[in-house]
Amino acid sequence: MSRKTRKSMLADLMAGGTQTEGADAARTAGATAGGKAKAGAGGKAQPRTEEIDAAPGATAKPRAAGREARESAAPAAPARRPAARKGAVGAISSAVAAMRANAVVELDPNAIHAGGLSDRLEDVQADDAELRRSIRAHGQQVPVLVRPHPGTPGEWQIVYGRRRVLAARDLGIKVKALVRELDDEALVMAQGQENAARRDLSFIEKVNFARQMEEAGYDRAAIGDALAADKTLVSRMLAVAAKVPAPVIGAIGAAHGVGRPRWLELAALIEGRDPEDVAALVPAVAGDDPAGRFDALLAHLKRKAAAAKPAAPRPEALEIRAEDGAPLAVARRAGQGGRLSLALEAGAGFEDWLLAELPALHAKWKAGQGS
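Numbering (the numbering used here), first residue to last: 13 to 383.
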């Protein structure tokens, strides 16, 4: 699939598939207006939402729409009936045709399965409970997007909206869905576009999604299209993915608020270590949430690195004595530049005299060097 074709497909898909809460109201208003227009022509308006039993092999039966006024008494030529399709393939074809005629359908959430790539690193129980409470009180305002399951007739794969499907399953209700016939690449592209539009998806979750796309064989242009990211950002995300092993990312979690520089700092500290060993450290170093786990692991590895680093050797002290054996000074050499420090014993102005005589002493030494 060319990049131009992919972008056109994504634009069409996201325009029709990504809904806002106001979109349901607009759809309802449009359906009502259309129904009134049909009623004025002699028919009765019918609702556009259709309930589908998603059991394998079941055929969707849309409700009959109101008919237009009969045009004349003369009998019309009989319409050609399409060839009947038998079995599961025919049932699914009928269901898909019905879904196209009815934009939003209701599906059994137990017949919807995981699809595409993993986008979230964890589920937040409090957020899931709030979503269930909202759907119980106000209904599902935004439909999910699914495709027909490629391996199980009569069932579906989620493209996006997984949390809404799980909430509907917990509540024992049908889930409102949009259905699109998507191949694997189109599924991943749609999933990535929806992820890129989220405000709550963390940097490392996007990195993890990019890593999965690369491992699945997608090139960087496709990854950029899916995540709405330019080539530079894609390269930076994949650089982090290459340096921070997946087990460590999975053990830490989403870590909202932790950006690329700090993940690279962690990567430098775990370089050369076994990823599973580092991941096993995460529960041991505590941290109440993913960001806290990141901070705790980073601090732990910094302490380990500091303890393992050998201390710089203290320069050896040279004690200087006067001709009569009295302590005169303690000298130390430091660094590669030959820096010399003197700790002079308290004397009757000797330190001032020495400072004043240093140029002459240096000249005398230099003259001796030339002989």
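The C-beta atom is built at its ideal place from N, Cα and C for all residues, glycine as well.
* Quick one: is D120 buried, meaning 16 or more other Cβ sit within 10 Å of its Cβ, or exposed? -> In the sequence shown, the residue the question calls residue 120 occupies position 108. Burial call: buried.
* Proximity of Y230 and E206 at Cβ, strictly below 9 angstroms -> Residue mapping note: residue 230 aligns to position 218 of the sequence shown, counting from 1. Residue mapping note: residue 206 aligns to position 194 of the sequence shown, counting from 1. No; because the gap between Cβ atoms is not below 9 angstroms, this pair is not in contact.
* Asked: Okay, do the segment 330-340 and the segment 299-311 touch, 3+ Cβ pairs below 8 angstroms being the bar?
  -> no
* Could you tell me how far apart the beta carbons of A180 and K186 are, in whole angstroms, since I believe they sit closer than 8 angstroms? => Within the sequence shown, residue 180 is the residue found at index 168, counting from 1. Within the sequence shown, residue 186 is the residue found at index 174, counting from 1. That belief holds up - the Cβ atoms of A180 and K186 are roughly 7 angstroms apart, short of 8 angstroms.
* Asked: S353: buried (16+ other C-beta within 10 angstroms of its C-beta) or exposed?
  -> Numbered from 1 along the sequence shown, position 341 holds the residue referred to as residue 353. S353 comes out exposed.
* Provide the residue span of the beta strand (DSSP E) that contains V171, from first to last. => Position 159 of the sequence shown holds residue 171. Per DSSP, V171 belongs to the beta strand (DSSP E) from W168 to Y172.
* Asked: Hey, would you say A238 sits closer than 9 angstroms to P259, going by beta carbons?
  -> Taking the sequence shown and counting its residues from 1, the one referred to as residue 238 is at position 226. Taking the sequence shown and counting its residues from 1, the one referred to as residue 259 is at position 247. No, the Cβ-Cβ distance between A238 and P259 is not below 9 angstroms.
* If we call anything under 9 angstroms between Cβ atoms a contact, is P101 one with P155? -> If you number the sequence shown from 1, residue 101 lands on position 89. If you number the sequence shown from 1, residue 155 lands on position 143. Residue identity differs from the one stated: residue 101 is Val in this sequence, not Pro. Not a contact, by the Cβ cut-off of 9 angstroms.
* Asked: In terms of residue numbering, what span does the beta strand (DSSP E) encompassing L352 cover?
  -> Translated into positions along the sequence shown, residue 352 becomes position 340. Counting along the chain, the beta strand (DSSP E) containing L352 begins and ends at R351 to L356.
* Asked: Fully enclosed by the segment 189-243, which alpha helix (DSSP H) runs are 4 residues long or longer?
  -> 196-209, 215-227 and 232-239
* Asked: According to the neighbour-count rule (16 or more other Cβ atoms, all chains shown, within 10 Å of its Cβ), is K188 buried or exposed?
  -> The residue given as residue 188 occupies position 176 in the sequence shown. That one is buried.
* **Given L213 as reference, the closest of A341, G265, K255 and D242 once Cα atoms are compared** => Position 201 of the sequence shown, counted from the first residue, corresponds to residue 213. The shortest Cα separation from L213 among A341, G265, K255 and D242 belongs to G265.
* Asked: For the alpha helix (DSSP H) that contains A319, what are its first and last residues?
  -> Position 307 of the sequence shown, counted from the start, is the residue given in the question as residue 319. P302 to A320 is the extent of the alpha helix (DSSP H) around A319.
* **Strand pairing of A329, partner residues [DSSP]** => Position 317 of the sequence shown, counted from the start, is the residue given in the question as residue 329. Answer is R344.
* To do: Would you kindly report the start and end of the unbroken alpha helix (DSSP H) that includes E288?
  => Translated into positions along the sequence shown, residue 288 becomes position 276. Here the alpha helix (DSSP H) through E288 covers P287 to A296.
* Cβ shell of H374 (< 6 angstroms), same chain only, five flanking positions each side left out -> As a position in the sequence shown, residue 374 is number 362, starting the count at 1. No residues qualify anywhere along the chain.
* Under a Cβ-count criterion, where at least 16 other Cβ atoms within 10 Å of its own Cβ denotes burial, should K218 be classed as buried or exposed? -> In the sequence shown, residue 218 corresponds to position 206, counting from 1. K218 is buried by the Cβ-count criterion.
* Consult DSSP for K376 and reduce its assignment to one of helix, strand or coil. => Against the sequence shown, residue 376 aligns to sequence position 364. The answer is helix: DSSP assigns K376 an H, G or I state.
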